[in-house]
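Peer 1: Dropping a structure here in structure tokens format, bear with me for questions.
Protein chains: 2
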Amino acid sequence: MAKHDPQLSRLFHALADPTRRSILTRLAEGAARVTDLSEPTGLRLPTVMRHLAVLEEAGLIASSKDGRVRTCAIVPEALRPVRTWLDDQRALWDSRLDRLEAMAMKAMKEGPR
Amino acid sequence: MAKHDPQLSRLFHALADPTRRSILTRLAEGAARVTDLSEPTGLRLPTVMRHLAVLEEAGLIASSKDGRVRTCAIVPEALRPVRTWLDDQRALWDSRLDRLEAMAMKAMKEGPR
DNA sequence: ATCATGCTTAGCCATATTGCTAACTATCAC
DNA sequence: GTGATAGTTAGCAATATGGCTAAGCATGAT
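So, in structure tokens, the structure goes:
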């Protein structure tokens, strides 16, 4: 039985915000400084920092500081658990599709009575 | 350019909660009444109701009421946008990786500056 | 040394989320 | 009708989230 997976929760939560997704998309073009990530969002630096912290805690990005510049980059394998969960769910859902369908049919026939 | 997709945000947000994921996994075994979903979680009915509302607003489940019993079932195709987003990101990230590799190769050939 | 740059920290505010209880409605069984 | 059952609604409390400003701290340029 799959226990509550905090890592999966962190990943999904990180991906649930449009700003964070746009940051990820921007980072797909290449590593970027914090300021570079701030500009297209129209958000202030501290706000962007927080988003970056969420992304980094989820393992979706990595950052390192060189002088006063922090450079952020994507961690490509970070989405693996998400993909795995999706695959598992699809397997479960698909394998029960016929049964769900049957139950729906049955409910429709016996329902209103 | 992919605009902020509210539906994607709703989906990710719905999936970010372990209780909701366990509800989905439970529903993969077959449709269930609200009370059936409440028992294994150890949560009260109104709390479960709220989780179900989030799942339904995200389109992940559908429910219908027959008499006083509400039956919930999974909507298998609901995860499609998530899967599509993942695929798109992976494509972007992979192409970025390829470029990085090419640059590394080039750098190795030309030597350090 | 001085100043600008880039990030960081601290803290405020509004709203959202997640749990609860209590009370209410609607159905089903007697 | 009476009462049990299944769900619903209303509203409370604690915490999390997402934005901001202001001030601080390094580092780089002059």
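Chains U and P supply the protein sequences, listed in that same order.
According to the UniProt record's numbering, the first sequence is numbered sequentially starting from 1.
According to the UniProt record's numbering, the second sequence is numbered sequentially starting from 1.
Where is the CB? At the ideal position from N, CA and C, for every residue including glycine.
1) Output needed for residue 52 (chain U): all residues of its chain with C-beta closer than 8 Å, excluding positions within five of it in sequence on either side, in chain order.
2) Is residue 58 (chain U) near residue 16 (chain P), with beta carbons less than 8 Å apart?
3) Out of curiosity, what's the CA-to-CA distance linking residue 11 (chain P) and residue 42 (chain U)?
4) For chain P, check one thing: does any of its Cβ atoms lie closer than 8 Å to the Cβ of residue 63 (chain U)?
5) Is there a Cβ from chain P that is less than 8 Å from the Cβ of residue 7 (chain U)?
6) Residue 37 (chain U) CB to nearest chain P CB: under 8 Å?
7) Comparing the C-beta of residue 66 (chain U) with each C-beta of chain P, is any distance below 8 Å?
8) How long is the line joining the alpha carbons of residue 14 (chain U) and residue 55 (chain U), rounded to whole angstroms?
9) Strictly under 8 Å for the Cβ-Cβ distance: is residue 105 (chain P) near chain U by that measure?
10) What does the alpha-carbon distance come out to for the pair residue 87 (chain U) and residue 67 (chain U)?
11) Can you find a C-beta in chain P that's less than 8 Å from the C-beta of residue 23 (chain U)?
12) What residues from chain U crowd round residue 40 (chain P), counting only those whose CB sits closer than 9 Å?
13) Between residue 86 (chain P) and chain U, is the shortest Cβ-Cβ distance under 8 Å, so that the two count as touching?
14) Got a sec, what are the start and stop residues for the beta strand (DSSP E) residue 69 (chain P) sits in?
15) How is the alpha helix (DSSP H) around residue 17 (chain U) delimited, first residue to last?
16) Report, in whole angstroms, the separation of the C-beta atoms of residue 79 (chain U) and residue 90 (chain P), which I expect to be a contact under 8 Å.
Peer 2: Quick answer:
1) Against the first sequence, residue 52 (chain U) aligns to sequence position 52. So the qualifying residues of the chain are 23, 34, 37, 61, 63 and 72.
2) One-based indexing of the first sequence puts residue 58 (chain U) at position 58. One-based indexing of the second sequence puts residue 16 (chain P) at position 16. Contact flag unset, no.
3) For the purposes of this step, residue 11 (chain P) is identified with residue 11 of the second sequence, where counting begins at 1. For the purposes of this step, residue 42 (chain U) is identified with residue 42 of the first sequence, where counting begins at 1. Approximately 25 Å, taken between the alpha carbons.
4) Taking the first residue of the first sequence as position 1, residue 63 (chain U) is located at position 63. For residue 63 (chain U), the answer is no, since every Cβ of chain P falls outside 8 Å of its Cβ.
5) Taking the first sequence and counting its residues from 1, the one referred to as residue 7 (chain U) is at position 7. Cβ-Cβ to chain P under 8 Å: no for residue 7 (chain U).
6) Taking the first residue of the first sequence as 1, we reach residue 37 (chain U) at position 37. So, not an interface residue.
7) What you label residue 66 (chain U) is simply residue 66 of the first sequence in a count that begins at 1. No, residue 66 (chain U) lies away from the interface with chain P (no Cβ there is under 8 Å from its Cβ).
8) Here residue 14 (chain U) refers to the residue found at position 14 of the first sequence. Here residue 55 (chain U) refers to the residue found at position 55 of the first sequence. Cα to Cα, residue 14 (chain U) sits roughly 6 Å from residue 55 (chain U).
9) The residue labelled residue 105 (chain P) in the question sits at position 105 within the second sequence. Confidence is the limiting factor: at residue 105 (chain P) the pLDDT is only 49, short of 50, which leaves the residue's position unreliable, though a coordinate-based value still follows. For residue 105 (chain P), the answer is no, since every Cβ of chain U falls outside 8 Å of its Cβ.
10) As a working note, residue 87 (chain U) is residue 87 in the first sequence. As a working note, residue 67 (chain U) is residue 67 in the first sequence. Taking the straight line joining both Cα atoms gives about 42 Å.
11) The residue given as residue 23 (chain U) occupies position 23 in the first sequence. No, because no Cβ of chain P sits closer than 8 Å to the Cβ of residue 23 (chain U).
12) Numbered from 1 along the second sequence, position 40 holds the residue referred to as residue 40 (chain P). What residue 40 (chain P) touches in chain U: nothing, since even the nearest Cβ is about 10 Å away.
13) The residue you call residue 86 (chain P) lines up with position 86 of the second sequence. By this cut-off, residue 86 (chain P) is an interface position.
14) Start at 1 with the first residue of the second sequence, and residue 69 (chain P) comes out as number 69. Residues 69 to 74.
15) On the first sequence, position 17 is the one that residue 17 (chain U) refers to. That residue, residue 17 (chain U), is in no alpha helix (DSSP H); it is neither H nor E in DSSP.
16) Start at 1 with the first residue of the first sequence, and residue 79 (chain U) comes out as number 79. Start at 1 with the first residue of the second sequence, and residue 90 (chain P) comes out as number 90. 7 Å between Cβ atoms; contact.
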